[in-house]
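The sequence shown begins at 0 in numbering that gives the first Met the number 0 and counts up by one. Don't be surprised by glycine CBs; every beta carbon is placed ideally from N, CA and C.
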Amino acid sequence: MKKEINGKVWKFRDSIDTDVIIPGRYLRTFSLDELASHVMEGENSEFAKNVEKGDIIVAGWNFGCGSSREQAPVALKHAGVDAIVARSFARIFYRNAINVGLPVIVADIEADEGDKLQIDLEKGIIQNLTTGKSCHIQPFHDFMLGILQDGGLVPHYLHNKQDTNSDGL
0 MKKEINGKVW KFRDSIDTDV IIPGRYLRTF SLDELASHVM EGENSEFAKN VEKGDIIVAG
60 WNFGCGSSRE QAPVALKHAG VDAIVARSFA RIFYRNAINV GLPVIVADIE ADEGDKLQID
120 LEKGIIQNLT TGKSCHIQPF HDFMLGILQD GGLVPHYLHN KQDTNSDGL
């Protein structure tokens, strides 16, 4: 996980729920590739086929509402999404995304599908490289950056536990 993210925008509407992100009929699989191959298919049938590593979702209000399935942010991350920028997030989705190492950013950025964004999590700046417009966001604190850098909450815990154990404690 980088402190700076550069990617192409995929634009989505308000109230994208977890059933839209990954429909329930695919939750029986443990294959991340299988989950990722169906991500967002109800909203944009071409998304899973065309999303590339580093791409960014820009959405409206209440992204990730609905059920609290952790597979939703996992599928997005595994498909290649490096960050989600939305006007607001469902609380549980926000927490699940951070827990799996997927940056979620509350902001109202002007961006169209296909625009290029640059997000600096440490400085708190989103710049639309296509239009030249930028906005300020709440910078991510070192603790949050550490979780994202380690790939999620569990790897972060294990990394820090390992550091503690290496001191002979």
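Using the Cα positions of residue i and residue j, report the straight-line distance between them to the nearest angstrom.
{"i": "Val-38", "j": "Val-19", "result": "8 Å"}
{"i": "Val-84", "j": "Ile-15", "result": "13 Å"}
{"i": "Phe-46", "j": "Glu-109", "result": "20 Å"}
{"i": "Ser-87", "j": "Ile-55", "result": "15 Å"}
{"i": "Val-80", "j": "Pro-102", "result": "9 Å"}
{"i": "Ala-78", "j": "Val-105", "result": "21 Å"}
{"i": "Leu-168", "j": "His-158", "result": "At Leu-168, the pLDDT of 47 sits below 50, so the modelled position is not reliable and the matter cannot be decided from this model."}
{"i": "Val-21", "j": "Gly-150", "result": "In the sequence as presented, Val is not what sits at residue 21; that position holds Ile. C-alpha separation (whole angstroms): 21 Å."}
{"i": "Leu-120", "j": "Gly-145", "result": "12 Å"}
{"i": "Leu-152", "j": "Glu-33", "result": "23 Å"}
{"i": "His-135", "j": "Ile-124", "result": "5 Å"}
Using a 10 Å radius around the Cβ and a threshold of 16 neighbouring Cβ atoms, would you call residue i buried or exposed?
{"i": "Asn-95", "result": "buried"}
{"i": "Gln-70", "result": "buried"}
{"i": "Arg-24", "result": "exposed"}
{"i": "Gly-63", "result": "buried"}
{"i": "Val-50", "result": "buried"}
{"i": "Lys-132", "result": "exposed"}
{"i": "Lys-76", "result": "buried"}
{"i": "Asp-111", "result": "exposed"}
Going by DSSP in three states, residue i sits in which element: helix, strand or coil?
{"i": "Ala-58", "result": "strand"}
{"i": "Glu-69", "result": "coil"}
{"i": "Ile-104", "result": "strand"}
{"i": "Lys-52", "result": "coil"}
{"i": "Asn-32", "result": "Correcting the residue type first, residue 32 is Asp in the shown sequence and not Asn. Looking at Asp-32 - three-state DSSP - the assignment turns out to be helix."}
{"i": "Asn-43", "result": "coil"}
{"i": "Leu-144", "result": "helix"}
{"i": "Gly-151", "result": "coil"}
{"i": "His-135", "result": "strand"}
{"i": "Ile-91", "result": "helix"}
{"i": "Asp-13", "result": "coil"}
{"i": "Ala-169", "result": "The structure shown does not extend to residue 169, since the chain spans only 0 to 168, so no value can be given for it."}
{"i": "Leu-168", "result": "Only weak support is given to the placement of Leu-168: the predicted model assigns it a pLDDT of 47, under 50, and the value that follows is read from those uncertain coordinates. The answer is coil: DSSP assigns Leu-168 none of H, G, I, E or B."}
Taking the alpha-carbon of residue i as reference, which of the options has the nearest alpha-carbon?
{"i": "Gly-53", "options": "Asn-98, Pro-72, Gly-6 and Phe-142", "result": "Gly-6"}
{"i": "Thr-28", "options": "Ile-91, Tyr-93 and Ala-74", "result": "Ala-74"}
{"i": "Gly-100", "options": "Thr-17, His-155 and Ser-44", "result": "His-155"}
{"i": "Gly-65", "options": "Lys-76, Ser-87, Ile-91 and Val-50", "result": "Ile-91"}
{"i": "Lys-122", "options": "Asp-141, Leu-147, Ser-44 and Leu-152", "result": "Asp-141"}
{"i": "Thr-130", "options": "Val-8, Lys-2, Glu-40 and Glu-3", "result": "Val-8"}
{"i": "Leu-127", "options": "Asn-49, Ser-30 and Val-57", "result": "Per the sequence presented here, residue 127 reads as Asn, with Leu not at that position. The shortest Cα separation from Asn-127 among Asn-49, Ser-30 and Val-57 belongs to Val-57."}
{"i": "Phe-11", "options": "Glu-69, Gly-23, His-77 and Ser-44", "result": "Ser-44"}
{"i": "Arg-68", "options": "Gly-59, Glu-51 and Tyr-93", "result": "Tyr-93"}
{"i": "Leu-147", "options": "Ala-82, Gly-59, Asp-32 and Asn-61", "result": "Ala-82"}
{"i": "Ala-89", "options": "His-135, Gln-117, Gly-59 and Asp-107", "result": "Gly-59"}
{"i": "Asn-98", "options": "Met-143, Leu-31 and Gln-137", "result": "Met-143"}
Would you say the beta carbon of residue i comes nearer than 7 Å to a heavy atom of the ligand FMN?
{"i": "Gly-79", "result": "Absence of the ligand FMN from the depicted structure is noted, as is the absence of any ligand whatsoever, leaving it without description."}
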